[in-house]
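J.: Just passing along the structure, written as structure tokens.
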Amino acid sequence: MLQWRGVFASNRLFCRGVLFVNLIPPHLATLLRDAIQRAQAAGDLPEFDLPESVPVQRSGKPELGDFASPVAMQLAKAARRKPLDIAQAIARHAAAPDYIDRVEAAPPGFINIRLSDAWVLNQIEAIIAAGEDVFALDIGRGKTAQVECVSANPTGPLTVGHTRNGIIGSTMANLLRALGYDVQLEYYFNNAGRQMRVLGQSLQARYLQALGRDVPLPEDGYQGEYLVSVARQLVTDHGDALQDEPWERFKDEAEKAMFVWIERSLGRINIRFDTFFNENSLYENGSVWRVLDQLEERGYIYRAIVREGASEEERAKMPPDAKEAVWFRSTALGDEEDRVLVKSSGEPTYALPDIAYHVDKLERGFDYLINVLGTDHIIEAQTVARGLQAIGYDPTPVHVVLYQFVTLVEGGEQRKMSTRRGEFVTQDELVDDVGADVVRYFILARSPNSHLEFDLDLARQHANENPVYYIQNAHVRCAGIFRQAAERGVTDDGADLSLLGERERAFVRKMLETPEVLLQAYDELAPHKLAFYALELARLFHPMYDEVRVMHGDVPEDVARARLRMYRAAQIVFRRLLTLMGMSAPEVM
RNA sequence: GCCCCUGUAGCUCAGUGGAUAGAGCAACCGCCUUCUAAGCGGCAGGCCGAGGGUUCGAGUCCCCCCAGGGGCGCCA
Numbered sequence: 030m031l032q033w034r035g036v037f038a039s040n041r042l043f044c045r046g047v048l049f050v051n052l053i054p055p056h057l058a059t060l061l062r063d064a065i066q067r068a069q070a071a072g073d074l075p076e077f078d079l080p081e082s083v084p085v086q087r088s089g090k091p092e093l094g095d096f097a098s099p100v101a102m103q104l105a106k107a108a109r110r111k112p113l114d115i116a117q118a119i120a121r122h123a124a125a126p127d128y129i130d131r132v133e134a135a136p137p138g139f140i141n142i143r144l145s146d147a148w149v150l151n152q153i154e155a156i157i158a159a160g161e162d163v164f165a166l167d168i169g170r171g172k173t174a175q176v177e178c179v180s181a182n183p184t185g186p187l188t189v190g191h192t193r194n195g196i197i198g199s200t201m202a203n204l205l206r207a208l209g210y211d212v213q214l215e216y217y218f219n220n221a222g223r224q225m226r227v228l229g230q231s232l233q234a235r236y237l238q239a240l241g242r243d244v245p246l247p248e249d250g251y252q253g254e255y256l257v258s259v260a261r262q263l264v265t266d267h268g269d270a271l272q273d274e275p276w277e278r279f280k281d282e283a284e285k286a287m288f289v290w291i292e293r294s295l296g297r298i299n300i301r302f303d304t305f306f307n308e309n310s311l312y313e314n315g316s317v318w319r320v321l322d323q324l325e326e327r328g329y330i331y332r333a334i335v336r337e338g339a340s341e342e343e344r345a346k347m348p349p350d351a352k353e354a355v356w357f358r359s360t361a362l363g364d365e366e367d368r369v370l371v372k373s374s375g376e377p378t379y380a381l382p383d384i385a386y387h388v389d390k391l392e393r394g395f396d397y398l399i400n401v402l403g404t405d406h407i408i409e410a411q412t413v414a415r416g417l418q419a420i421g422y423d424p425t426p427v428h429v430v431l432y433q434f435v436t437l438v439e440g441g442e443q444r445k446m447s448t449r450r451g452e453f454v455t456q457d458e459l460v461d462d463v464g465a466d467v468v469r470y471f472i473l474a475r476s477p478n479s480h481l482e483f484d485l486d487l488a489r490q491h492a493n494e495n496p497v498y499y500i501q502n503a504h505v506r507c508a509g510i511f512r513q514a515a516e517r518g519v520t521d522d523g524a525d526l527s528l529l530g531e532r533e534r535a536f537v538r539k540m541l542e543t544p545e546v547l548l549q550a551y552d553e554l555a556p557h558k559l560a561f562y563a564l565e566l567a568r569l570f571h572p573m574y575d576e577v578r579v580m581h582g583d584v585p586e587d588v589a590r591a592r593l594r595m596y597r598a599a600q601i602v603f604r605r606l607l608t609l610m611g612m613s614a615p616e617v618m
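Just so you know, the numbering used here puts 502 at position 473 of the first sequence, and the rest follows in order with no gaps.
In structure tokens:
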């Protein structure tokens, strides 16, 4: 369970007498803790050590209360009393601030807490007052965070695998901003390796082909059509002037073209990067070699043909003329085997610049770092963490979100993807097919841990029967009400919120869960919680909309005013959630 | 062989060790003189992969099987 204690001292429920929307559970945890102490002081509970933190959760039975705590059941052993008795003692001694209606015990030992109706209704005003930043928390105030994601090398168009990466990363970035962090979204890339050389040579071949020359693609070249179109553009722009240029020139052109594509594709699904970080800069400023030196000074480096402790079998596999590689003694930090940092060719593996890159991130002073990686990079992530540790950096600010692979299914068959062979489903195709919002929601609404099977046929077919529209329609319907209201001159000025009924109250209570959802999504690196919560909220909205009309013959004017006020808050919250998810909040559909 | 992830409604998936396991889609029965029906109401649908254990309490934690995906490079 999420630990509420102590973390949110600065989050307030009241501010200058005005009610304030914020995280409620930490306040309740404190309240119950105080109640336990008071009960002990009064002799209603025996002496025992107070629990580290008092658990408070949303109630599984809303009719019994908004929140519940199972703390009494956990204390039963230490207190040597029946859970229900303990719960009753705690409830009896609980303070009753005015945002709480009642605290009561229920079998088998729950303590149920119900928020006061008046306070809940007043949150409507607080939401409206907060506006588009509603439910912003201050956990990250004054702190900086960085999210690194996508980080695909510019060798081809983005595929749906990259899309999942970007959606997870950008949503986490949005979340961090809502929590008060100053956030930077960064894209890390490599434009120097073998891949890029092959890319340059492939484009060169395509260019010469476009000039009518019979030139083959290089061995292992990039076969995708996309380079043909880049080549065509080069002919349009430069004619045959580039025919004697070296492949490096073509590499530059290819890279430029790929980044234009990549940025445009990402922009279509609302991902905009603040910074692009070139791996090569880590070589240019020497930091790669500095990391190696530091590791060596601390005794984490050795040079050998095979790793220490290698079996005879592994030794035998090495060719007789094999040269030494540089090894990172990561086993000293719990790894299963040592890792190569510099190949026998003298070229570093990816691990080394990756460590240097993370050193750079930490040196830039970020308080909180997120790195979004496919699960195939798990070893890499661990090696980086151990590398940082080895040279004296604390890796705890670095958080890695590992997501399982995306497989695409079309016509009942899996489509295997390869950038090299030019076989892939690009993000653009997907967005063309089903739209940016559907892509974002469909991918976001899955735990990163779940293997994502994207059935293209299903996505196309059900493009209209989608939770996306259900959620967006809630916003649209609010907008519609206000269009009508403006026409008829109905306003929500001076609304008396106490005129709102049970449905509306239940809906407002649900809206007030938002800060908890944001915090949980952040704490667990689980952006999909946002997607599910938005759907839950919409599930409450639509039935209400159906029943709770604003402008209808038999609705008294003062009731209409109150309802309108509530819908104003609802619209703000739906817009907030959609924006956090990187989706649009349309006025009409 | 070793490691990681997954297994929950017909399908796609949620589910903080807490109360009677939930959504969407699909299916079935109804509802448009209404702030747009991309909606609402109703009806179904489950040995939470199997088995053991820990616990006052297990879909959730542990062990062991079974099935699917991924990883175990001097690839990136």
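Just so it is clear, CB atoms sit at the ideal spot from N, CA and C, and this is done for glycine as well.
In whole angstroms, what separates the C-alpha of Asn-495 from that of Leu-256?
T.: Between Asn-495 and Leu-256, the C-alpha separation is close to 35 Å.
J.: Where does Asp-211 fall in DSSP's three states?
T.: strand
J.: Which same chain residues, not among the five before or five after Asn-478, have their C-beta less than 7 Å away from its C-beta?
T.: Gln-433
J.: Here's the rule: buried if 16 or more other CB atoms are within 10 angstroms of the residue's CB, otherwise exposed. What is Asp-162?
T.: exposed
J.: Assign Ile-407 to one of three DSSP states: helix, strand, or coil.
T.: helix
J.: Answer with buried or exposed for Thr-59, where buried requires no fewer than 16 other C-beta atoms within 10 angstroms of its C-beta.
T.: It counts as buried.
J.: Given a threshold of 16 other Cβ atoms within 10 Å of its Cβ, counted over all protein chains shown, does Arg-45 qualify as buried or as exposed?
T.: Its pLDDT being 40, under 50, Arg-45 is placed unreliably by the model, and nothing is read from it.
J.: Give the straight-line distance between the Cα atoms of Tyr-422 and Glu-282, rounded to the nearest whole angstrom.
T.: As the crow flies, the alpha-carbon of Tyr-422 is around 38 Å from that of Glu-282.
J.: On a Cα-Cα basis, can you pick out the residue from Asp-575, Val-149, Asn-141, Asp-130 that is closest to Ser-527?
T.: For the residues Asp-575, Val-149, Asn-141, Asp-130, the minimum Cα distance to Ser-527 belongs to Val-149.
J.: Note down, in chain order, each residue of its chain lying with its Cβ closer than 8 Å to the Cβ of Tyr-470, except the 5 sequence neighbours on either side.
T.: Asn-495, Pro-496, Val-497, Ile-500, Ala-560, Met-610, Met-612
J.: Report all residues from its chain with a CB closer than 7 Å to the CB of Arg-131; omit the five preceding and five following residues, and keep chain order.
T.: Arg-143
J.: In chain order, what residues of the same chain lie with their CB nearer than 8 Å to the CB of Ala-599, ignoring the 5 residues before and after it?
T.: Ala-503, Cys-507, Phe-536, Met-540, Phe-570
J.: If you draw a straight line from the alpha carbon of Val-317 to that of Leu-214, how long is it in whole angstroms?
T.: Between Val-317 and Leu-214, the C-alpha separation is close to 23 Å.
J.: May I ask which residues mark the beginning and end of the alpha helix (DSSP H) holding Gln-456?
T.: 456-463
J.: Can you find the residues in the same chain that come closer than 8 Å, C-beta to C-beta, to His-191, ignoring five residues on each side of it along the sequence?
T.: Val-179, Ala-181, Gln-456
J.: Which residues in the same chain as Gln-69 place their Cβ atom closer than 7 Å to its Cβ, once the five residues preceding and following it in sequence are excluded?
T.: Glu-76
J.: If you follow the alpha helix (DSSP H) that Leu-381 is in, where does it begin and where does it stop?
T.: 380-392
J.: With DSSP as the reference, identify every bridge partner of Tyr-236, one or two as the case may be.
T.: Partner(s): none; Tyr-236 has no beta bridge.
J.: Please classify Met-201 as buried or exposed, where buried requires at least 16 neighbouring CB atoms within 10 angstroms.
T.: Buried, because 16 or more other Cβ atoms sit within 10 Å of the Cβ of Met-201.
J.: Pro-556 and Ala-550 look like a contact to me (Cβ under 8 Å); what is the Cβ gap, rounded to whole Å?
T.: Going by Cβ atoms, the distance from Pro-556 to Ala-550 rounds to 5 Å, so yes, they are a contact pair.
J.: Curious, which full-length alpha helix (DSSP H) runs of at least 4 residues does the segment 532-593 contain?
T.: If we require 4 residues or more, the alpha helix (DSSP H) runs fully inside the segment 532-593 come out as 543-552, 557-576.
J.: From Val-369 to Ala-221, what distance separates their C-alpha atoms?
T.: 20 Å
J.: Which value, in whole angstroms, describes the spacing of the CA atoms of Val-212 and Ala-351?
T.: 46 Å
J.: May I have a chain-ordered list of the beta strand (DSSP E) segments no shorter than 3 residues that lie completely inside the segment 163-203?
T.: Within the segment 163-203, the complete beta strand (DSSP E) runs of at least 3 residues are 173-177.
J.: Please check the pair Glu-308 and Tyr-386, which I expect to be a contact at CB under 8 Å, by giving their CB distance rounded to whole angstroms.
T.: 7 Å
J.: Can you check which of these residues, Val-429, Ser-310, Thr-412, Gln-224, is closest to Asp-389 by C-alpha distance?
T.: The option with the nearest alpha carbon to Asp-389 is Ser-310.
J.: What's the C-alpha gap between Met-287 and Lys-280?
T.: 10 Å
J.: The beta strand (DSSP E) spanning Tyr-432 covers which residue range?
T.: 427-432
J.: Does Asn-314 pass the burial test, meaning 16 or more other C-beta atoms within 10 Å, or should it be called exposed?
T.: exposed
J.: What span of residues does the alpha helix (DSSP H) with Val-149 cover, start to end?
T.: 146-159
J.: One question on the structure: do Asp-364 and Arg-415 come within less than 8 Å of each other, judged by their Cβ atoms?
T.: yes
J.: Relative to the C-alpha of Ser-258, which residue among Gln-233, Trp-276, His-56 is closest?
T.: Gln-233
J.: Excluding sequence positions up to five away, which residues of its chain have a Cβ less than 7 Å from the Cβ of Pro-377?
T.: Val-317, Leu-370, Val-371
J.: Three-state secondary structure (DSSP) at Phe-395?
T.: coil
J.: Just to confirm the assignment, what range does the beta strand (DSSP E) spanning Ser-359 have?
T.: Neither: Ser-359 is in no beta strand (DSSP E) and is coded neither H nor E.
J.: Quick one: grab the DSSP three-state call for Arg-604.
T.: helix
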